[in-house]
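So the protein sequences, as listed, match chains Z and Y.
Residue numbers for the first sequence follow my numbering, so the first one is 1 and each next one is one higher.
Residue numbers for the second sequence follow my numbering, so the first one is 1 and each next one is one higher.
I have placed the structure first, in the form of structure tokens, so that the comments after it can refer back to it.
Protein chains: 2
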Amino acid sequence: MTSHFTIDDVFAAARRLDGVAHRTPVLTSRVLNERVGAEVYLKCENFQRVGAFKFRGAYNAISQLSAEQLARGVLAWSSGNHAQAVALSARLLGASAVVVMPADVPASKMAAAKDYGAEIITYDRYTEDRTALGRALAAERGLTVVPPYDDVRVMAGQGTAALELVEEIGQVNALLAPVSGGGLMAGCATVASALCPGVRIVGVEPVDGDDTKRSLEAGHRIRIPVPHTIADSQAAEIPGELTFAVNRRLVDEIALVTDDQLVTAMSFLFDTMKIVAEPTGVAGLAALLAGQVRFPGARIGVIISGGNISATRFAALIGRDAQALA
Amino acid sequence: MTSHFTIDDVFAAARRLDGVAHRTPVLTSRVLNERVGAEVYLKCENFQRVGAFKFRGAYNAISQLSAEQLARGVLAWSSGNHAQAVALSARLLGASAVVVMPADVPASKMAAAKDYGAEIITYDRYTEDRTALGRALAAERGLTVVPPYDDVRVMAGQGTAALELVEEIGQVNALLAPVSGGGLMAGCATVASALCPGVRIVGVEPVDGDDTKRSLEAGHRIRIPVPHTIADSQAAEIPGELTFAVNRRLVDEIALVTDDQLVTAMSFLFDTMKIVAEPTGVAGLAALLAGQVRFPGARIGVIISGGNISATRFAALIGRDAQALA
Numbered sequence: 001m002t003s004h005f006t007i008d009d010v011f012a013a014a015r016r017l018d019g020v021a022h023r024t025p026v027l028t029s030r031v032l033n034e035r036v037g038a039e040v041y042l043k044c045e046n047f048q049r050v051g052a053f054k055f056r057g058a059y060n061a062i063s064q065l066s067a068e069q070l071a072r073g074v075l076a077w078s079s080g081n082h083a084q085a086v087a088l089s090a091r092l093l094g095a096s097a098v099v100v101m102p103a104d105v106p107a108s109k110m111a112a113a114k115d116y117g118a119e120i121i122t123y124d125r126y127t128e129d130r131t132a133l134g135r136a137l138a139a140e141r142g143l144t145v146v147p148p149y150d151d152v153r154v155m156a157g158q159g160t161a162a163l164e165l166v167e168e169i170g171q172v173n174a175l176l177a178p179v180s181g182g183g184l185m186a187g188c189a190t191v192a193s194a195l196c197p198g199v200r201i202v203g204v205e206p207v208d209g210d211d212t213k214r215s216l217e218a219g220h221r222i223r224i225p226v227p228h229t230i231a232d233s234q235a236a237e238i239p240g241e242l243t244f245a246v247n248r249r250l251v252d253e254i255a256l257v258t259d260d261q262l263v264t265a266m267s268f269l270f271d272t273m274k275i276v277a278e279p280t281g282v283a284g285l286a287a288l289l290a291g292q293v294r295f296p297g298a299r300i301g302v303i304i305s306g307g308n309i310s311a312t313r314f315a316a317l318i319g320r321d322a323q324a325l326a
Numbered sequence: 001m002t003s004h005f006t007i008d009d010v011f012a013a014a015r016r017l018d019g020v021a022h023r024t025p026v027l028t029s030r031v032l033n034e035r036v037g038a039e040v041y042l043k044c045e046n047f048q049r050v051g052a053f054k055f056r057g058a059y060n061a062i063s064q065l066s067a068e069q070l071a072r073g074v075l076a077w078s079s080g081n082h083a084q085a086v087a088l089s090a091r092l093l094g095a096s097a098v099v100v101m102p103a104d105v106p107a108s109k110m111a112a113a114k115d116y117g118a119e120i121i122t123y124d125r126y127t128e129d130r131t132a133l134g135r136a137l138a139a140e141r142g143l144t145v146v147p148p149y150d151d152v153r154v155m156a157g158q159g160t161a162a163l164e165l166v167e168e169i170g171q172v173n174a175l176l177a178p179v180s181g182g183g184l185m186a187g188c189a190t191v192a193s194a195l196c197p198g199v200r201i202v203g204v205e206p207v208d209g210d211d212t213k214r215s216l217e218a219g220h221r222i223r224i225p226v227p228h229t230i231a232d233s234q235a236a237e238i239p240g241e242l243t244f245a246v247n248r249r250l251v252d253e254i255a256l257v258t259d260d261q262l263v264t265a266m267s268f269l270f271d272t273m274k275i276v277a278e279p280t281g282v283a284g285l286a287a288l289l290a291g292q293v294r295f296p297g298a299r300i301g302v303i304i305s306g307g308n309i310s311a312t313r314f315a316a317l318i319g320r321d322a323q324a325l326a
């Protein structure tokens with residue numbers, strides 16, 4: 001089934017997203033390059049519409065629905081960014097959207113999805129199964145489900161982030177991206193492996209959310225308990241089926257990062273580059289800064305996947321870090 | 001004497017800065033426009049070299065020194081950003097730099113000036129006169145003083161920020177910029193008044209640092225006590241002589257903003273636009289968001305003057321604000 005997913009799907013997604021998604025900036029920093037001993041290119045999806053790469057996949061999927069499907073509306077489950085992405089994409093395409101979100105998601109993410117006109121339904125992510133809940137609701141109301149990652153259209157959309165990166169700066173020797181359900185990684189790995197011969201593809205997970213690392217080691221998908229991590233966009237318990245089939249083939253290694261390493265990377269971006277990224281957003285950068293992976297002298301592409309963190313939550317995390325370091 | 005300062009000086013500065021200073025982005029936000037009821041264009045000097053507009057003036061001044069002056073070196077006094085600007089400009093032009101800084105300046109600003117190779121000399125800004133100290137030291141060592149604002153070359157350099165803004169987006173109906181010594185304001189007001197007929201020019205000061213507001217009302221320069229404000233780049237006690245002569249002629253009004261309004265504006269930029277600005281940097285935005293000035297339906301240019309605040313200091317300010325609001 002995944003043999004059908006190729007870089008051509010990403011090229012097609014790029015055409016659908018042209019003029020709709022932001023072509024986000026690729027930022028560099030002399031200080032960062034000196035620190036890491038390499039040429040680092042940050043593809044800044046924190047500046048994407050809805051503040052995360054998720055818009056790419058959601059829009060690419062919803063834009064392929066029939067007029068009848070659009071008229072009935074769409075449904076998604078998400079810990080935050082995919083919810084906003086589906087809400088905005090649906091609005092842009094004239095469809096209504098229902099979003100199933102964990103009750104403990106940051107208030108800013110819930111408010112954003114509401115602002116885009118979505119109906120929000122909450123659940124307890126430690127006791128309830130959002131997939132079952134979402135599917136039942138969709139069946140009841142005749143809504144089309146927009147999966148957060150396990151969908152070729154979604155994977156193809158996410159891959160356009162890497163495509164734009166390579167189009168702008170040329171080939172890279174290594175590509176780092178956060179892994180949760182695996183859609184971003186599957187899309188970007190497909191692009192990088194096709195366009196950058198010999199590229200080293202590294203996924204990054206929180207230490208407490210290492211389902212993809214374990215799954216790659218086992219050779220099949222492993223389910224872990226709901227991870228407790230500040231990286232609230234990486235709360236996956238098990239890799240997607242379609243995404244894992246791709247990532248198993250293309251991902252060279254998974255690096256793990258701690259909450260403290262994520263906070264350090266967020267602070268680095270704040271202090272040095274004056275930009276805001278959420279904990280999951282800096283996973284790749286955190287792995288580099290912490291020396292979890294090293295590519296001396298290489299050209300390294302890093303997907304900064306999102307920027308949806310409020311100033312108050314950022315301040316709380318920095319405070320916590322300052323305490324931990326004291 | 002100031003009759004000699006015209007937009008032609010700014011055009012000449014722009015040629016000197018071409019390829020040396022960053023042409024910083026002009027950012028917009030639908031959310032911001034809806035909030036303010038106008039079209040707001042943020043000229044983001046937080047992304048300038050050294051993290052603030054100050055690089056423009058310092059480089060424009062130092063690049064006009066003679067080979068002999070460059071060989072002897074330069075000296076500057078500054079609460080932070082001008083220090084970094086002079087340090088980097090001197091290095092780029094092959095000169096050594098001595099910087100006189102208040103001992104209580106944020107550590108990150110002192111470290112940055114040191115990183116650019118400057119020699120740092122500290123003083124107590126509540127008891128010592130930095131100007132006298134700096135001039136004595138310069139005389140003793142044969143260094144050329146690079147004034148932070150009261151210098152036509154410096155004013156001309158700062159004006160290039162407004163010049164780029166108007167070149168990129170066309171005429172504006174209003175222009176807002178922070179005022180400390182008045183160099184940025186004098187340069188930008190000269191550009192805006194020349195290129196945007198009927199433009200309303202608004203300077204913004206902290207409520208506790210309203211020396212320019214008082215001076216404009218009095219018709220002559222008024223000295224105030226050293227202001228206590230979180231806007232550490234706006235610690236001026238009295239407007240510059242040359243800058244005041246320009247601003248008295250061109251500035252329509254001064255808006256005052258509180259520390260809380262500055263923190264709110266910093267949080268807005270963080271949450272909504274994913275970018276980092278320092279307290280002084282958001283002065284113009286704070287005045288708009290707080291409704292201190294209103295220009296319904298207008299095209300408003302706002303200079304975001306700098307981004308030099310550390311994540312830890314930002315977190316402390318947000319925490320303080322959260323407490324104050326509780």
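Using N, Cα and C, we set each Cβ at its ideal position, and we do this for glycine too.
Just so we're clear, the structure is a prediction, and the values are computed from it rather than from any experiment.
Z:Leu93 carries a coil assignment under DSSP once its states are collapsed to helix, strand and coil. Following the DSSP letters along the chain, one finds Z:Lys109 inside the alpha helix (DSSP H) bounded by residues 107 to 115.
In summary, the residues of the segment 32 to 50 of chain Y whose CB is separated from some CB of chain Z by less than 8 Å are Asn46, Phe47, in the order they occur in the chain. Burial is judged here by how many other beta carbons sit within 10 angstroms of a residue's own beta carbon; Y:Pro225 has fewer than 16 and is exposed. Contact note: Z:Lys274 reaches chain Y through Asn46, Phe47, Gly51, Ile275, Val276, Ala277, Gly307, using a C-beta cutoff of 8 Å and chain order. At a C-beta separation below 8 Å, Z:Asp232 has no neighbours in chain Y, since its nearest C-beta there lies roughly 16 Å away. By the CB criterion at 8 Å, Z:Ala286 and Z:Leu262 fall inside the cutoff. Taking every protein chain shown into account, the CB of Z:Glu45 has 16 or more other CB atoms within 10 angstroms, so this residue is buried. Listed by position along chain Z, the residues whose Cβ is nearer than 9 Å to that of Y:Ser78 form an empty set, because the closest Cβ is around 19 Å away. The Cβ-Cβ distance between Y:Val204 and Y:Ala283 falls below 8 Å. Considering only beta carbons, no part of the segment 205 to 216 of chain Y lies closer than 9 Å to chain Z.
In this structure the segment 91 to 100 of chain Y touches the segment 123 to 142 of chain Y; the number of beta carbon pairs closer than 8 Å is three or more. The beta carbon of Z:Leu288 is closer than 6 Å to those of Val36 in its chain, skipping five residues each way along the sequence.
In chain Z, no part has a C-beta under 8 Å from the C-beta of Y:Ser29; the shortest such distance is about 11 Å.
Listed in chain order, the non-local C-beta contacts of Y:Val10 below 7 Å within the same chain comprise Ala156, Gly159, Thr160, Leu163, Gly187, Thr190, Val191, local neighbours out to five positions each way being set aside.
Counting C-beta pairs with one atom in each stretch, the segment 209 to 223 of chain Y and the segment 303 to 320 of chain Y have fewer than three that are closer than 8 Å, which means they do not touch. Of the candidates Y:Thr264, Y:Val31, Y:Arg23, the residue whose Cα lies closest to the Cα of Y:Glu168 is Y:Arg23. Shown here, Z:Tyr126 sits in coil according to DSSP, grouped into three states, outside any helix or strand. According to the DSSP assignment, Z:Arg15 belongs to the alpha helix (DSSP H) that extends over 7 to 17. Look at Z:Asp271: its C-beta is under 8 Å from a C-beta on chain Y.
According to the DSSP assignment, Y:Val152 belongs to no beta strand (DSSP E) but to the alpha helix (DSSP H) extending over 152 to 169. The alpha-carbon of Y:Cys196 is positioned some 7 Å away from that of Y:Asn173. The segment 221 to 261 of chain Y contains, as complete beta strand (DSSP E) runs of 3+ residues, the segments 253 to 257 (chain order). The Cβ of Z:Ala14 sits no closer than 8 Å to any Cβ of chain Y. If you draw a straight line from the Cα of Y:Arg299 to the Cα of Y:Leu175, it is about 9 Å long. The residue from Z:Ala177, Z:Leu93, Z:Val145, Z:Ser305 with its alpha-carbon nearest to that of Z:Leu250 is Z:Ala177.
Annotation: Z:Ser66 has no Cβ neighbours in chain Y at a cutoff of 7 Å; minimum Cβ distance is about 30 Å. Counting only runs of 4+ residues, the alpha helix (DSSP H) found wholly inside the segment 46 to 77 of chain Z occupies 54 to 62, 67 to 72, in chain order.
Within a 10 Å sphere around the beta-carbon of Z:Val31 sit fewer than 16 other beta-carbons, which makes this residue exposed.
Ranked by Cα distance from Z:Leu27, the options Z:Leu242, Z:Gln64, Z:Val40 are led by Z:Val40. Y:Gly209 counts as buried, since at least 16 other C-beta atoms from the protein chains shown sit within 10 angstroms of its C-beta. In this structure, the alpha-carbon of Z:Thr258 lies about 36 Å from that of Y:Ser233. Secondary structure of Y:Leu133 (DSSP, three-state): helix. For Y:Ala177, the enclosing beta strand (DSSP E) covers residues 174 to 178. Here Y:Ala13 has Asn60, Ala156, Gly157, Thr160 as same chain residues with Cβ atoms under 6 Å from its own Cβ, once five neighbours each way along the sequence are excluded. Listed in chain order, the positions of the segment 98 to 112 of chain Z with a beta carbon within less than 9 Å of a beta carbon of chain Y are Ser108.
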